[in-house]
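Per numbering that gives the first Met the number 0, the very first residue in the sequence shown carries number 0; after that it's consecutive.
Take a look at the structure below.
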Amino acid sequence: MNRTIAAKTKQLQQCPRCDSTNLVEQKGDDEPTKHYGRLMCGDCGKWIAWLRDPSVTISSQIRERHINRQLKYSDHKGYSLLTSWDRQFLKNISNKRWLTDKQATCYQKICIKMSSVVGLTEDE
Numbered sequence: 000m001n002r003t004i005a006a007k008t009k010q011l012q013q014c015p016r017c018d019s020t021n022l023v024e025q026k027g028d029d030e031p032t033k034h035y036g037r038l039m040c041g042d043c044g045k046w047i048a049w050l051r052d053p054s055v056t057i058s059s060q061i062r063e064r065h066i067n068r069q070l071k072y073s074d075h076k077g078y079s080l081l082t083s084w085d086r087q088f089l090k091n092i093s094n095k096r097w098l099t100d101k102q103a104t105c106y107q108k109i110c111i112k113m114s115s116v117v118g119l120t121e122d123e
């Protein structure tokens, strides 16, 4: 469980409908929707909140660290490896949990450009 959901769960220690403290996390095969999971009241069945997939949160945190490193090392031997558009794009996507297909393609192109000159890879 990530910090955001943990904090939200602590704030929601009881059901807003019936005041029960029997809150249940429904996830995995028990979750019939496309979402990772949901927080529900175990007594009245009220939906309380969607649960975030921790693997998505971790991968977005890794991407954010990588982007920050790319921005830091974007100047190489006196010239900039990134255009102003590249820099703005990286700043705009650095805190997003998901990227669209188009954003992911642009991001990969920038990663290839950076790794071919500086040696920065996404795994570092």
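Note that beta-carbon positions come from the ideal geometry of N, C-alpha and C, so glycine has one too.
The structure displayed is predicted, hence computed values, not measured ones.
Per-residue DSSP class, three states only, for residue i
i	result
cysteine 40	strand
glutamine 25	strand
alanine 6	Confidence at alanine 6 is low in this model, with a pLDDT of 42, below 50, so its placement is unreliable and no value can be given for it.
serine 114	helix
cysteine 14	coil
tyrosine 106	helix
Candidates the options, of which the one nearest residue i by Cα
i	options	result
histidine 41	His65, His34, Ile61, Gln13	Sequence check: residue 41 is glycine here, not histidine. Comparing Cα-Cα distances from glycine 41 to each of His65, His34, Ile61, Gln13, the minimum goes to Gln13.
arginine 132	His65, Lys95, Arg86, Ile47	The structure shown has nothing for residue 132, since the chain only spans 0 to 123.
serine 59	Ser115, Ile92, Cys110, Arg86	Ile92
arginine 51	Glu24, Ile111, Cys110, Lys108	Glu24
threonine 104	Asp85, Asn94, Asp18	Asp85
glutamine 107	Gly36, Leu89, Lys95	Leu89
leucine 22	Cys43, Ile57, His34	Cys43
isoleucine 111	Ser54, Leu38, Ser73, Gly36	Ser73
At 3 residues or longer, and completely inside the stretch 42-96: list those beta strand (DSSP E) runs for me, N to C.
Complete beta strand (DSSP E) runs here, min 3: 46-50.
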